[in-house]
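FYI, the numbering for the sequence shown is 202 to 622, going by the numbering used here.
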Amino acid sequence: MPSWFERLRTRMTRRPARPATPAAPFAAVGPVSIASDTHLLGAALGGFVPLPNETPFAMLPVYRFLRDAIPDISDGVWTWKRLCQTGFDIELEEASSEVAERRARRLLDELNRRVNSGDRGMDGLLDVFYGSLFTFGAAALEIVLTPNRDAIHDVIPVDVWTVRFRREEGRLQAYQLHDGEEIALPMDRFIYVGMDRDGTNPYGRSMLRSIPMVVKIQQRLIEDMAKAVHNAGWPRLHVTYAPGERPRTETPEQWRDRTAQVFDTLKENLGGLVPDQNLVTYDNVKVELVQGAHQSTLFYDNLKAIEEQVITGMHLMPILVGRNYGTTETYGTAQFEIINRQVDAVNRSVQRILERLYNAELAMMWGAARARVRMRHNRTVDVLREATARKHEIDNALRLREAGLWDTPRAAHALGIGPPA
């Protein structure tokens, strides 16, 4: 038998080596840390995760009342909503064919019109989303599928103040409280965004949480100012009546009764005066004009100090609510730039939500395509300076590509017009 044949036979009959067992991923081990709200008593009773800092859930309707009743807070929430509603563009990527791309655009256009139960479509849904986010510190949506689960039928807002979370088997499960019942929400179709979350706490933190006491002081100050202005802010007549000495023919009781009658008659006559009517009295009635001091500066300074606390509590800048304490354009521009950074941070969460909705809809269509959402930005105060800076940014990216340091995908991503390279 040839030696080469013997080597081949031995190799074929040799038992194959056992493949190495792949290392378990980190997620399979499970976390070692424990959530701050996890305790034996709560787990035994099946309690809900509390709000941050043990804030009572009854505060959630209070936030809505403050937003609707206090002008400064209403204006702050209104301003945040409009700042974040910058609009967005949808780009289709990885389309399997031109027909699939056209079909994808048609499906996304139809989805934009029918969400929010058809009430202004996606624009109306985002308006409710932002309003809830800046009032309660959180916003929630539910994806509703068609009966045969082949498309998204609707996307509806969920009332955040009715949502509670409970930890079950190491994961969070959302419930909605309605008429004393606990309705388990489908986590695969439930979207919850909490703003300024604390650690492992799933709830968001409302920006109105820090200002109820300040608002109470503000409203009390306005009420006191209104009373003070009404009493001392305007000129008025001061009428004094001198009854004179008591005649010897009158008893003390008669003198007192006559004096009271004259005084009541005088008050009745003076109470019915019109602005152009003159006063005619005996010399025992003295009329003086008491000038109003118009001391409004002190009230205004105090009120302005309180309003600044309200503005700060809502993470706004004074320039956005009509108050600019600087004398240069740079002061207001710097405030607006800071606000735009916060707007971009919020809209990144909205971008991920929209991409999840659109790609879920496209995943169920015939053909293949992926949607990429690009949130627009608020224009800066100096448009020419912004355009000049953008031009230099593009030129630098092109130079790096021409030098071979960047390829085209990386340059496009650096300019914000392409996916990560």
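Think of the CB as a built atom: it goes at the ideal place given N, C-alpha and C, for glycine as much as any other residue.
In this structure, how does DSSP classify residue i when only helix, strand and coil are distinguished?
i, result
"residue 232", "coil"
"residue 244", "Because residue 244 carries a pLDDT of 44, less than 50, the predicted location of this residue cannot be relied on, and no value is offered for it."
"residue 452", "coil"
"residue 227", "Low confidence applies to residue 227: its pLDDT is 48, below 50, so where it sits in the model is not reliable, and the reading given next is rough at best. Reduced to three states, the DSSP call for residue 227 is helix."
"residue 467", "helix"
"residue 437", "strand"
"residue 562", "helix"
"residue 556", "helix"
"residue 590", "helix"
"residue 481", "coil"
"residue 547", "helix"
"residue 219", "Annotation note: pLDDT 47 at residue 219 (below 50); position unreliable, no value reported."
"residue 606", "coil"
"residue 489", "strand"
"residue 461", "helix"
"residue 294", "strand"
"residue 574", "strand"
Apart from the five residues just before and just after residue i, which ones in its own chain have a Cβ nearer than 7 Å to its Cβ?
i, result
"residue 556", "572, 573 and 574"
"residue 445", "485"
"residue 579", "284, 287, 541 and 544"
"residue 302", "293, 296 and 570"
"residue 469", "none"
Using a Cβ-Cβ cutoff of less than 8 Å, which residues in the same chain neighbour residue i once the five nearest sequence positions on both sides are dropped?
i, result
"residue 322", "313, 314, 315 and 316"
"residue 561", "344 and 353"
"residue 309", "291, 559, 562, 563 and 572"
"residue 347", "353 and 354"
For the ligand PLP, is there any heavy atom lying closer than 7 Å to the beta carbon of residue i?
i, result
"residue 376", "In the structure shown, the ligand PLP is absent, as is every other ligand, since no ligand is present at all."
Under 6 Å Cβ to Cβ from residue i, same chain only, skipping five residues before and after it: list those, please.
i, result
"residue 402", "253"
"residue 324", "none"
"residue 217", "For residue 217, the pLDDT reaches just 48, beneath the cut-off of 50, and the residue's location in the model is therefore unreliable, leaving the point undetermined."
"residue 340", "330, 333, 334 and 394"
"residue 383", "376"
"residue 338", "396, 405, 406 and 407"
"residue 374", "367"
"residue 195", "Residue 195 is absent from the structure shown; the chain starts at 202 and stops at 622."
How many whole angstroms separate the CB atoms of residue i and residue j, which I take to be in contact at a CB cut-off of 8 Å?
i, j, result
"residue 600", "residue 608", "The pair is not a contact, with the Cβ atoms about 14 Å apart (cut-off 8 Å)."
"residue 318", "residue 355", "6 Å"
"residue 409", "residue 336", "7 Å"
"residue 304", "residue 566", "6 Å"
"residue 508", "residue 419", "7 Å"
Subject >> Stretch pair the segment 409-416 + the segment 254-271: three plus CB contacts closer than 8 Å >> reply: yes
Original post:
What are the complete beta strand (DSSP E) segments, minimum 3 residues, inside the segment 343-421?
Top reply: 353-359, 364-369, 372-379, 382-385 and 391-395
Subject >> Within the segment 296-350, ranges of the beta strand (DSSP E) (whole runs, at least 3 residues) >> reply: 339-346
Original post:
Okay, do the segment 590-598 and the segment 377-397 touch, 3+ Cβ pairs below 8 Å being the bar?
Top reply: no
Subject >> Touch test, the segment 390-404 against the segment 231-239, Cβ-Cβ under 8 Å, three pairs minimum >> reply: They touch, by the three-pair rule.
**OP:** At 4 residues or longer, and completely inside the segment 260-290: list those alpha helix (DSSP H) runs for me, N to C.
**Re:** 260-270 and 272-285
Original post:
Would you say the segment 533-542 touches the segment 264-271, given that touching needs at least three Cβ pairs under 8 Å?
Top reply: no
Original post:
Is there contact here, the segment 548-555 with the segment 283-298, by at least three beta-carbon pairs under 8 Å?
Top reply: With a cut-off of 8 Å, the segment 283-298 and the segment 548-555 count as touching, because enough Cβ pairs lie within range.
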